[in-house]
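The numbering used here numbers the first residue of the sequence shown as 471 and each following residue consecutively.
We put the beta carbon where it would ideally sit given N, CA and C, even for glycine.
These numbers were taken from a predicted model, which means no experiment stands behind them.
These notes concern the structure reproduced below.
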Amino acid sequence: MIEFDMSVFERKAKELRDQIDQVPYALADAMNKAVANTRNVLVQDTWPSHVTQRNAGFIGRALRRGSKATPRNLQVEIYDSLGRAHLKLHDAGGEKRARGKFAIPVPGVIKRTSKGVSKNKRPSVIIANTPKRALRITDRGIFVGKGGRLQMLYAFRARTAQPADVPFHDVFRETMTVELRTSFAAAVERALKPRPK
471 MIEFDMSVFE RKAKELRDQI DQVPYALADA MNKAVANTRN VLVQDTWPSH VTQRNAGFIG
531 RALRRGSKAT PRNLQVEIYD SLGRAHLKLH DAGGEKRARG KFAIPVPGVI KRTSKGVSKN
591 KRPSVIIANT PKRALRITDR GIFVGKGGRL QMLYAFRART AQPADVPFHD VFRETMTVEL
651 RTSFAAAVER ALKPRPK
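Right under this line is the structure:
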(Lines of atoms letter the chains of each structure in order from A; the text may use other names.)
(Lines give C-alpha, C1' and ligand atoms only; values in the text may rest on other atoms or scores of the structure.)
Protein backbone atom coordinates (compact mmCIF):
# COMPACT_ATOMS: atom_id res chain seq x y z
CA MET A 471 0.00 0.00 0.00
CA ILE A 472 1.26 3.46 -0.86
CA GLU A 473 0.39 6.49 1.28
CA PHE A 474 0.37 10.08 0.05
CA ASP A 475 0.93 13.43 1.77
CA MET A 476 -2.55 14.94 1.83
CA SER A 477 -1.63 18.49 2.99
CA VAL A 478 -2.15 19.92 -0.53
CA PHE A 479 -5.60 18.37 -0.67
CA GLU A 480 -6.47 19.63 2.82
CA ARG A 481 -5.60 23.21 1.80
CA LYS A 482 -7.78 22.91 -1.30
CA ALA A 483 -10.57 21.42 0.82
CA LYS A 484 -10.51 24.46 3.14
CA GLU A 485 -11.24 26.65 0.11
CA LEU A 486 -14.58 24.89 -0.23
CA ARG A 487 -15.83 26.03 3.23
CA ASP A 488 -19.61 25.65 2.97
CA GLN A 489 -19.31 23.06 0.19
CA ILE A 490 -17.08 20.77 2.26
CA ASP A 491 -19.44 17.86 1.58
CA GLN A 492 -18.12 17.89 -2.01
CA VAL A 493 -14.53 17.00 -0.99
CA PRO A 494 -14.99 13.19 -1.06
CA TYR A 495 -16.58 13.44 -4.52
CA ALA A 496 -13.80 15.68 -5.81
CA LEU A 497 -11.12 13.41 -4.35
CA ALA A 498 -12.74 10.26 -5.79
CA ASP A 499 -12.96 11.92 -9.21
CA ALA A 500 -9.32 13.04 -8.98
CA MET A 501 -8.14 9.58 -7.93
CA ASN A 502 -9.96 7.89 -10.82
CA LYS A 503 -8.43 10.28 -13.36
CA ALA A 504 -4.98 9.94 -11.77
CA VAL A 505 -5.01 6.13 -11.80
CA ALA A 506 -6.11 6.10 -15.47
CA ASN A 507 -3.23 8.41 -16.42
CA THR A 508 -0.78 6.44 -14.27
CA ARG A 509 -1.78 3.18 -15.96
CA ASN A 510 -1.14 4.81 -19.34
CA VAL A 511 2.36 5.86 -18.20
CA LEU A 512 3.12 2.32 -16.99
CA VAL A 513 1.85 0.73 -20.21
CA GLN A 514 3.16 3.19 -22.79
CA ASP A 515 6.42 4.35 -21.21
CA THR A 516 7.70 2.38 -18.21
CA TRP A 517 7.38 -1.22 -19.48
CA PRO A 518 8.62 -0.62 -23.08
CA SER A 519 11.60 1.45 -21.93
CA HIS A 520 12.84 -1.22 -19.48
CA VAL A 521 12.28 -4.54 -21.29
CA THR A 522 12.44 -5.86 -24.83
CA GLN A 523 8.84 -6.49 -25.86
CA ARG A 524 7.93 -9.46 -28.00
CA ASN A 525 4.22 -8.73 -27.77
CA ALA A 526 3.53 -5.00 -27.58
CA GLY A 527 -0.10 -5.51 -26.55
CA PHE A 528 0.68 -7.79 -23.60
CA ILE A 529 1.24 -5.18 -20.91
CA GLY A 530 -1.91 -3.28 -21.86
CA ARG A 531 -3.96 -6.44 -21.33
CA ALA A 532 -2.08 -7.42 -18.16
CA LEU A 533 -2.27 -4.14 -16.20
CA ARG A 534 -5.88 -3.40 -15.30
CA ARG A 535 -7.51 -0.81 -13.10
CA GLY A 536 -9.39 -2.14 -10.09
CA SER A 537 -12.73 -0.79 -8.93
CA LYS A 538 -13.21 2.95 -9.14
CA ALA A 539 -12.84 5.20 -6.11
CA THR A 540 -16.10 6.37 -4.58
CA PRO A 541 -16.73 9.02 -1.91
CA ARG A 542 -17.13 6.20 0.63
CA ASN A 543 -14.19 4.13 -0.60
CA LEU A 544 -11.21 6.28 -1.63
CA GLN A 545 -9.04 3.46 -2.97
CA VAL A 546 -7.70 2.75 -6.43
CA GLU A 547 -5.44 0.02 -7.73
CA ILE A 548 -3.67 -1.26 -10.81
CA TYR A 549 -3.21 -5.02 -10.83
CA ASP A 550 -1.84 -7.83 -13.00
CA SER A 551 -4.97 -9.41 -14.48
CA LEU A 552 -3.17 -12.17 -16.40
CA GLY A 553 -0.76 -13.36 -13.72
CA ARG A 554 1.95 -14.03 -16.30
CA ALA A 555 5.42 -12.64 -16.98
CA HIS A 556 6.31 -12.37 -13.27
CA LEU A 557 5.48 -8.64 -13.17
CA LYS A 558 5.93 -8.44 -9.40
CA LEU A 559 9.41 -9.96 -9.75
CA HIS A 560 10.26 -7.48 -12.51
CA ASP A 561 9.58 -4.74 -9.94
CA ALA A 562 11.14 -6.23 -6.79
CA GLY A 563 13.54 -8.82 -8.18
CA GLY A 564 13.89 -12.34 -6.84
CA GLU A 565 13.70 -15.90 -8.05
CA LYS A 566 11.13 -16.99 -10.61
CA ARG A 567 9.91 -20.55 -10.88
CA ALA A 568 8.69 -22.22 -14.03
CA ARG A 569 5.65 -24.47 -14.34
CA GLY A 570 7.98 -26.92 -16.04
CA LYS A 571 11.60 -25.92 -16.48
CA PHE A 572 13.48 -22.97 -17.93
CA ALA A 573 15.76 -23.73 -20.90
CA ILE A 574 18.93 -21.73 -20.18
CA PRO A 575 21.32 -21.35 -23.16
CA VAL A 576 24.84 -22.63 -22.54
CA PRO A 577 27.33 -19.73 -22.74
CA GLY A 578 29.70 -19.99 -25.69
CA VAL A 579 27.48 -22.44 -27.55
CA ILE A 580 24.29 -20.40 -28.03
CA LYS A 581 25.02 -16.74 -28.67
CA ARG A 582 22.81 -14.18 -26.96
CA THR A 583 22.36 -10.62 -28.12
CA SER A 584 20.71 -7.69 -26.40
CA LYS A 585 17.44 -8.99 -27.83
CA GLY A 586 17.98 -12.52 -26.51
CA VAL A 587 18.53 -15.69 -28.51
CA SER A 588 17.96 -15.55 -32.27
CA LYS A 589 14.79 -17.26 -33.49
CA ASN A 590 16.60 -20.10 -35.27
CA LYS A 591 18.48 -21.00 -32.06
CA ARG A 592 15.45 -21.25 -29.76
CA PRO A 593 14.72 -24.67 -28.19
CA SER A 594 11.50 -25.34 -30.12
CA VAL A 595 13.19 -24.62 -33.46
CA ILE A 596 16.23 -26.77 -32.60
CA ILE A 597 13.96 -29.66 -31.58
CA ALA A 598 11.90 -29.32 -34.79
CA ASN A 599 14.88 -29.04 -37.17
CA THR A 600 17.32 -31.57 -35.68
CA PRO A 601 17.09 -35.20 -36.87
CA LYS A 602 15.92 -37.56 -34.10
CA ARG A 603 19.13 -39.59 -34.21
CA ALA A 604 21.16 -36.45 -33.33
CA LEU A 605 18.81 -35.05 -30.65
CA ARG A 606 18.66 -35.96 -26.95
CA ILE A 607 16.34 -34.28 -24.46
CA THR A 608 17.11 -35.32 -20.89
CA ASP A 609 16.36 -33.99 -17.41
CA ARG A 610 19.61 -32.01 -17.62
CA GLY A 611 18.95 -30.27 -20.94
CA ILE A 612 18.88 -30.38 -24.74
CA PHE A 613 21.81 -32.11 -26.44
CA VAL A 614 22.61 -32.25 -30.17
CA GLY A 615 25.09 -34.66 -31.73
CA LYS A 616 28.05 -32.97 -33.46
CA GLY A 617 31.12 -34.81 -34.69
CA GLY A 618 30.18 -38.04 -32.92
CA ARG A 619 29.67 -36.32 -29.54
CA LEU A 620 26.68 -34.83 -27.76
CA GLN A 621 26.92 -31.10 -27.18
CA MET A 622 24.67 -29.42 -24.60
CA LEU A 623 22.85 -26.42 -26.08
CA TYR A 624 20.37 -25.69 -23.28
CA ALA A 625 20.42 -26.59 -19.59
CA PHE A 626 17.12 -27.08 -17.75
CA ARG A 627 16.50 -25.30 -14.45
CA ALA A 628 13.38 -25.19 -12.30
CA ARG A 629 14.15 -21.63 -11.14
CA THR A 630 16.23 -18.69 -12.20
CA ALA A 631 17.06 -15.20 -10.94
CA GLN A 632 14.90 -12.28 -12.02
CA PRO A 633 16.57 -8.87 -11.61
CA ALA A 634 14.53 -5.86 -10.51
CA ASP A 635 14.43 -4.17 -13.91
CA VAL A 636 11.03 -2.41 -14.12
CA PRO A 637 10.27 0.14 -11.34
CA PHE A 638 6.46 -0.23 -11.30
CA HIS A 639 5.97 0.92 -7.68
CA ASP A 640 8.31 3.91 -7.94
CA VAL A 641 6.71 5.13 -11.17
CA PHE A 642 3.23 4.50 -9.73
CA ARG A 643 4.03 6.54 -6.61
CA GLU A 644 5.61 9.45 -8.52
CA THR A 645 2.99 9.60 -11.27
CA MET A 646 0.03 9.25 -8.91
CA THR A 647 1.37 12.09 -6.74
CA VAL A 648 1.76 14.44 -9.70
CA GLU A 649 -1.53 13.39 -11.31
CA LEU A 650 -3.47 13.71 -8.04
CA ARG A 651 -2.23 17.25 -7.52
CA THR A 652 -3.28 18.36 -10.99
CA SER A 653 -6.55 16.43 -11.22
CA PHE A 654 -7.64 17.34 -7.67
CA ALA A 655 -7.30 21.04 -8.43
CA ALA A 656 -9.57 20.61 -11.47
CA ALA A 657 -12.03 18.51 -9.43
CA VAL A 658 -12.20 21.22 -6.75
CA GLU A 659 -12.90 23.83 -9.42
CA ARG A 660 -15.80 21.72 -10.66
CA ALA A 661 -17.05 21.34 -7.07
CA LEU A 662 -16.91 25.13 -6.54
CA LYS A 663 -19.24 25.81 -9.45
CA PRO A 664 -22.67 26.93 -8.26
CA ARG A 665 -25.05 24.05 -7.72
CA PRO A 666 -28.30 24.01 -9.70
CA LYS A 667 -31.33 24.76 -7.54
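In terms of residues, what are the limits of the alpha helix (DSSP H) holding residue i?
i: Ala-500; result: 493-511
i: Gly-530; result: 528-532
i: Asp-550; result: No alpha helix (DSSP H) contains Asp-550, which is instead part of the beta strand (DSSP E) from 548-550.
i: Lys-558; result: 557-562
Could you give the distance in angstroms between the alpha-carbon of residue i and the alpha-carbon of residue j?
i: Ala-496; j: Arg-643; result: 20 Å
i: Val-521; j: Pro-593; result: 21 Å
i: Leu-512; j: Leu-533; result: 8 Å
i: Lys-538; j: Lys-616; result: 60 Å
i: His-556; j: Lys-581; result: 25 Å
i: Ala-661; j: Gln-492; result: 6 Å
i: Pro-494; j: Arg-610; result: 59 Å
i: Thr-630; j: Asn-590; result: 23 Å
Does the distance from the CB of residue i to the CB of residue j come in under 7 Å?
i: Met-646; j: Thr-516; result: no
i: Ala-504; j: Leu-650; result: yes
i: Lys-566; j: Gln-523; result: no
i: Asp-499; j: Ala-655; result: no
i: Lys-571; j: Phe-613; result: no
i: Gly-563; j: Ala-628; result: no
i: Val-636; j: Asp-561; result: yes
i: Tyr-549; j: Gly-530; result: no
Mind checking which residues open and close the beta strand (DSSP E) that includes residue i?
i: Thr-630; result: 619-632
i: Val-595; result: Note, Val-595: premise wrong, no beta strand (DSSP E); alpha helix (DSSP H) at 593-599.
i: Arg-606; result: 605-607
Is it right to say residue i is buried, meaning 16 or more other beta carbons lie within 10 angstroms of its own, or is it exposed?
i: Pro-575; result: buried
i: Val-579; result: exposed
Go ahead and pull the three-state DSSP assignment for residue i.
i: Ile-670; result: The structure shown does not extend to residue 670, since the chain is modelled only from 471 to 667, so the question has no answer here.
i: Leu-662; result: helix
i: Asn-543; result: strand
i: Ile-574; result: strand
i: Ile-490; result: helix
i: Lys-566; result: strand
i: Val-641; result: helix
Looking at the ligand NAD, does it come within less than 6 Å of residue i, judged from the CB to the closest heavy atom?
i: Gln-621; result: Within the structure as shown, the ligand NAD is missing, as the structure has no ligands at all.
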